[in-house]
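Visitor:
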Ligand SMILES: [Zn+2]
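In this note's numbering, the protein residues as written are 63 to 247.
1) Which one of 224, 97 and 182 has the shortest CA to CA distance from residue 198?
2) How about residue 218 and residue 209: do their beta carbons lie closer than 8 Å?
3) Can you give me the C-alpha to C-alpha distance between residue 115 and residue 102, rounded to a whole angstrom?
4) Using the C-alpha atoms, what's the distance from residue 87 back to residue 80?
5) Does the beta carbon of residue 152 fall short of 7 Å from some heavy atom of ligand 1?
6) Note down, in chain order, each residue of its chain lying with its Cβ closer than 7 Å to the Cβ of residue 45, except the 5 sequence neighbours on either side.
7) When the Cα of residue 70 is compared with those of 125, 195, 238 and 99, which residue comes out closest?
8) At a cut of 8 Å, does the stretch 118–135 reach the stretch 161–174 through at least three beta carbon pairs?
9) How long is the line joining the alpha carbons of residue 212 and residue 77, rounded to whole angstroms?
10) Starting from residue 120, trace the alpha helix (DSSP H) both ways and give me its first and last residue.
11) Thinking C-alpha only, which one of 153, 187 and 141 is nearest residue 161?
12) Sort out for me which residues DSSP pairs residue 182 with in a bridge.
13) Taking the continuous alpha helix (DSSP H) assigned at residue 139, which residues delimit it?
14) For ligand 1, enumerate in chain order all residues having a CB closer than 5 Å to any of its heavy atoms.
15) Between residue 64 and the rest of its own chain, which residues show a CB-CB distance below 7 Å, the 5 nearest in sequence each way excluded?
See the structure below:
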């Protein structure tokens, strides 16, 4: 799944706050956006979908932080909770996508996401066949609806930028392995 899809999913998680705690909704959405982006920073260094992907640990910490935020709601507690919950959803959702192969549409790799407490990879389900697939763009579009219509300011701007990046990424996705092989290896 595209990083932008994960970010939009994170913002969607915070949509109920617009009604329940409107003063905390923007900071929650921003934290969730960043939490959705964050795990994929392991593309830059380390083992992708392992070094910064912690489905169980983010999930557990997110639930604890969520309970703390319920008892003591503030920008800090709500922000931490939604950062962690969004990162957890990101890691779980990665298992619904493709593997780690250079051309994930060829479906030759069986690593979806690494589960640290179990010391093993969960296999990719390929419900979204690969990151940047047309169905991934549909998903990014659907999950962008709250960011576009429930929020304004920074969140709406980030959502618009995310959608723009998604469209370009999907358009060039199948050409990227060729570019990578030619210039980066
Ligand atoms: Zn990821």
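Cβ coordinates follow ideal geometry from the N, Cα and C atoms, glycine included. None of these values were measured; they are calculated from a predicted model.
Guide: Let me lay it out:
1) Residue 198 sits at position 136 when you count from the first residue of the chain shown. It is 224.
2) Indexing the chain shown from 1 puts residue 218 at position 156. Indexing the chain shown from 1 puts residue 209 at position 147. Yes, the pair counts as a contact, with Cβ atoms nearer than the cut-off.
3) Sequence index remark: in the chain shown, residue 115 carries index 53 (1-based). Sequence index remark: in the chain shown, residue 102 carries index 40 (1-based). The straight-line gap from Cα to Cα measures roughly 8 Å.
4) Indexing the chain shown from 1 puts residue 80 at position 18. Indexing the chain shown from 1 puts residue 87 at position 25. Their backbone Cα atoms lie some 5 Å apart in a straight line.
5) Within the chain shown, numbered from 1, the residue matching residue 152 stands at position 90. Yes, the beta carbon of residue 152 sits closer than 7 Å to at least one heavy atom of ligand 1.
6) Limits of the chain in this structure are 63 at one end and 247 at the other, which puts residue 45 out of reach.
7) Residue numbering aside, residue 70 sits at position 8 when the chain shown is read from its first letter. Residue 70 has its Cα closest to that of 99, out of 125, 195, 238 and 99.
8) no
9) Counting from one through the chain shown, the residue named residue 212 turns up at place 150. Counting from one through the chain shown, the residue named residue 77 turns up at place 15. One C-alpha to the other measures close to 7 Å.
10) Translated into positions along the chain shown, residue 120 becomes position 58. Per DSSP, residue 120 belongs to the alpha helix (DSSP H) from 117–133.
11) Here residue 161 refers to the residue found at position 99 of the chain shown. Nearest of 153, 187 and 141 to residue 161, Cα basis: 187.
12) Here residue 182 corresponds to residue number 120 of the chain shown, with the count starting at 1. In DSSP, residue 182 forms a bridge with 177.
13) Position 77 of the chain shown holds residue 139. Counting along the chain, the alpha helix (DSSP H) containing residue 139 begins and ends at 137–156.
14) 101, 102 and 156
15) Taking the chain shown and counting its residues from 1, one reaches residue 64 at position 2. Closer than 7 Å at Cβ, skipping near neighbours: 193, 194, 198, 202, 228 and 231.
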